[in-house]
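Okay, so here's the structure we're looking at.
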Amino acid sequence: MTDIMPPGLALKKVDERIMTLNVGPQHPGSGHMRIVVQIDGDYIVACDPDPGYVHRGEEKMAEYRNYITNVPHLERPVIHDSCNVLYPYVLGAEEILGIEVPERAKYVRVICSELNRCIYTMYWLAIYGIFLGHSTMFMWPAGDRELLIDLMEKVSGARVTHAHFIPGGVRNDLPANFEDVCLRQVNYFEKRIKEYAAVFYDNPILISRTQDTGVLSRENAIRYGTTGSVLRASGVDYDLRVKAPYDVYDELDVHTNVMKEGDSYARSKVPWLDMMESCNIIRQALQKMPKSGSVRTKLKPNPKTKGPATVYKRVESGRGSLGCYIVSDGKTEPYRVKMSVPSFRNLLALPNLLIGEKLGNMPSVYWSLNYWPVEADR
Amino acid sequence: MSSDSEKPAVATPEEKSTPPKPAPKPAAKTEEKPAELPAFEKSISDKLVEKFGDKVEVDFVKEDRIGIKTSKENVHDVAQFIRDDLHYDHAESVSGVDYPADNEIEVVYHLGSYTESSLARQVLTLATRAPRESNPIPGQDSTKLPTLRDVFYSVEFGEREVFEMLGVYFDGHPDNRRLLLPEDWADLPPLRKDFAIKGR
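Order-wise, the sequence lines are chains A and B.
Heads up: the first sequence at position 223 corresponds to 223 in our numbering, and the numbers run straight through without jumps.
Heads up: the second sequence at position 173 corresponds to 1173 in our numbering, and the numbers run straight through without jumps.
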């Protein structure tokens, strides 16, 4: 257990050599994810992340709505990954309401979840590109993303926030001829993202700015409880789709992408590799999916719960393990909903990664954490 | 759906965590149907009961999930045992649940393991309760718990969140500062039940 960050804020005493900088907010919302750093010359000596306050209230609002009407607003924290953000809540609500899900709905969910993972990762990648001043990497993912957004629009009718998963299945069945269109788009998408290697991942400028910066050791990745691409880039083979499969993931062949370096380069590459794995999963799911059948268990508008219960469900989102802890007291609204989100968990590693780095490396380290500001403060 | 949703009926009758708590003394030890409890999870909860006796209460044992309740005096020792002997190595989340009817606030740690492959599916739920003041002065009243940060480093931000959202002060936490709320927040901790949303 080496290189442990100093406890808490640990900002150094005022010293004439030390300068305090507010980096951020990185989002147009008020007071949203700024990083207070202290620099000695070019080097960061102390770092205090401040996730900010924009959307806080999701968990409180969930106590005032029933299990069905919670669906459209609990997906808001990460609108580009809305299916996955909602997924653990829906799984938990199903257990509390005691609903069975039709087989076809499980496959539809897996397909939507993987499409959303790619949509999110492309957006994240676009911003990673522009953080490093790489305009091509901003424009290519932002454009290629449209292929998958079109698919999700065909499925749910909405381009960004789908509200497609509901307790009991999914809201609508796939449109006619979806399988063919999806397969074609996904195949083209996969071909397209492979080209990113030449322009981005093999680019010497990117490599010089990301390799050996912000190294997170395996021990610390476990100790900080990081998750998702941050954890896998540090050499821990842990993906919930493989280790604790939900819905029909245990019937699919999922490969976990692991890199050993733990630096910004590895953390930026693992999500890209994951996108290609997502394409594989979508193809498998399209093939194995039952060709017909119900996709939804009919529910009353205000369904009754089976009684007091607690449930903790987790899924692998675009950023990592996303958990939802639901406490039910037997009423039609949840007593408490707690979202355990990967951005919030990964943030704990940030001071450790930044202290000792040059200030100029901050963008590449910060965004390689796969951090989504709004998700952290929910 | 994953397997743990398939048979929720396996849990013991004490699974609820609602305000009217009937104080069930002998928890999972009086299993009516011992054959139905999943064996691996049962063996973990047995280790805890063997070590701590009636200091811990087994809340539920179901597939992939174990629920443990303990008092605030013992929570640190129990957590240390969970880390060192049961090999859970990180906390996934720290949740606070307000129970005004019991005059208590429950803090729930969800613990998981990356290093022990047999525990990859498991989540251990460690719950403890702190007394609740109706006029809270966060940090200066009796709503206190010992911190688990020296056991599980990953609870650092989670405990800070519970501190500002429910007013539970964590004794020994090096950094009990506000994390998410606005700097000029002067109202009740917002996730307490008596903090009502306007118009509701």
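Glycine is no exception: its CB is placed at the ideal position from the N, C-alpha and C atoms.
Only a predicted model underlies this, so the values are computations on that prediction, with no experimental measurement involved.
Check whether the Cβ atoms of residue i and residue j sit closer than 9 Å, and answer yes or no.
i, j, result
"A/Y238", "B/Y1153", "no"
"A/L347", "A/A376", "yes"
"A/V379", "A/P245", "This structure does not reach residue 379 of chain A, given that chain A is present from 1 up to 378, and the question cannot be answered."
"A/P72", "A/V85", "no"
"A/T121", "A/V365", "no"
"A/D144", "A/V295", "no"
"B/D1171", "B/T1147", "yes"
"B/A1127", "B/E1159", "no"
"A/H162", "A/R378", "no"
"A/L359", "A/I39", "yes"
"B/R1083", "B/V1155", "no"
"A/V337", "A/Y87", "no"
"A/G168", "A/L252", "no"
"A/V23", "A/V36", "yes"
"A/G320", "A/V230", "yes"
"B/G1096", "B/V1078", "no"
"A/Y312", "A/G323", "yes"
"A/G318", "A/G228", "yes"
"B/F1195", "B/L1179", "no"
"B/I1068", "B/D1059", "yes"
Under a Cβ-count criterion, where at least 16 other Cβ atoms within 10 Å of its own Cβ denotes burial, should residue i be classed as buried or exposed?
i, result
"B/S1142", "exposed"
"A/I379", "A query on residue 379 of chain A cannot be resolved here, the shown segment of chain A reaching from 1 to 378 and no further."
"B/H1087", "exposed"
"B/P1100", "exposed"
"A/Y265", "buried"
"A/K191", "exposed"
"A/V160", "exposed"
"B/R1177", "exposed"
"B/K1198", "exposed"
"A/K106", "buried"
"B/E1116", "exposed"
"B/Q1140", "exposed"
"B/D1098", "buried"
"A/M339", "buried"
"A/E114", "buried"
"A/P363", "buried"
"B/E1050", "exposed"
"A/E75", "buried"
"B/A1027", "Low per-residue confidence applies at B/A1027: pLDDT is 45, beneath 50, and the placement is therefore not dependable, though the value from the model is reported in the following sentence. B/A1027 comes out buried."
"A/R109", "buried"
"A/S292", "exposed"
Indicate the three-state DSSP secondary structure (helix, strand or coil) for residue i in the structure shown.
i, result
"B/Q1080", "helix"
"A/I355", "coil"
"A/R38", "Here the sequence assigns Gln to residue 38 of chain A, which means Arg is not the residue at that position. Three-state DSSP puts A/Q38 in a strand."
"B/P1253", "This structure cannot speak to residue 1253 of chain B, because chain B is shown only from 1001 to 1200."
"A/H55", "coil"
"B/L1188", "coil"
"A/P72", "helix"
"A/V327", "strand"
"A/V186", "helix"
"A/I44", "strand"
"A/P373", "helix"
"B/V1056", "strand"
"B/P1182", "coil"
"B/D1171", "strand"
"A/P334", "coil"
"B/D1141", "coil"
Mind listing the chain C neighbours of residue i? Cutoff is C-beta to C-beta under 7 Å, in chain order.
i, result
"A/F344", "Structure shown: chain C not included; protein chains present are A and B."
Would the beta-carbon of residue i be found less than 8 Å away from any heavy atom of the ligand HEM?
i, result
"A/L148", "Among the components of this structure there are no ligands whatsoever, and the ligand HEM is therefore not found."
- Message: So, does the region 272-289 of chain A touch the region 45-56 of chain A, judging by three or more C-beta pairs under 8 Å?
- Response: Taking a cut-off of 8 Å for Cβ pairs, the region 272-289 of chain A and the region 45-56 of chain A do not touch, as fewer than three such pairs fall below it.
- Task: With 7 Å as the C-beta to C-beta threshold (strictly closer), list the residues of the region 212-224 of chain A near chain B in chain order.
- Result: Close to chain B, meaning a Cβ-Cβ distance shorter than 7 Å, are the following residues of the region 212-224 of chain A: I222, R223 and Y224.
- Which of the residues in the region 1070-1103 of chain B, read from start to end, lie with their CB under 7 Å from any CB of chain A? Within the region 1070-1103 of chain B, the qualifying residues are D1089, H1090, A1091, E1092, S1093, S1095 and V1097.
- Message: With a threshold of 8 Å, are at least 3 pairs of Cβ atoms found where one atom belongs to the region 266-281 of chain A and the other to the region 108-123 of chain A?
- Response: Contact holds between the region 266-281 of chain A and the region 108-123 of chain A, because three or more Cβ pairs, one in each stretch, are under 8 Å apart.
- Message: Using 8 Å as the cut-off, can you tell me whether the region 1116-1133 of chain B makes contact with the region 1077-1097 of chain B, which would need three or more C-beta pairs spanning the two stretches below that distance?
- Response: At 8 Å Cβ cutoff, the stretches touch.
- Task: Spell out a yes or no on whether the region 87-104 of chain A and the region 178-194 of chain A are touching, meaning 3 or more CB-CB pairs, one atom from each, closer than 8 Å.
- Result: Because the criterion of three Cβ pairs below 8 Å is not met, the region 87-104 of chain A and the region 178-194 of chain A do not touch.
- Query: Between the region 1142-1175 of chain B and chain A, which residues of the former have CB atoms less than 7 Å from a CB of the latter, in chain order?
  - Reply: Flagged, chain order: Y1153, S1154, E1156, F1157, P1174 and D1175.
- Contact set between the region 1122-1142 of chain B and chain A, restricted to residues whose Cβ is under 7 Å from the partner: Correct list: V1123 and T1125.
- Message: By the 8 Å beta-carbon criterion, what residues does the region 144-159 of chain A contribute toward chain B?
- Response: Here the close residues number zero.
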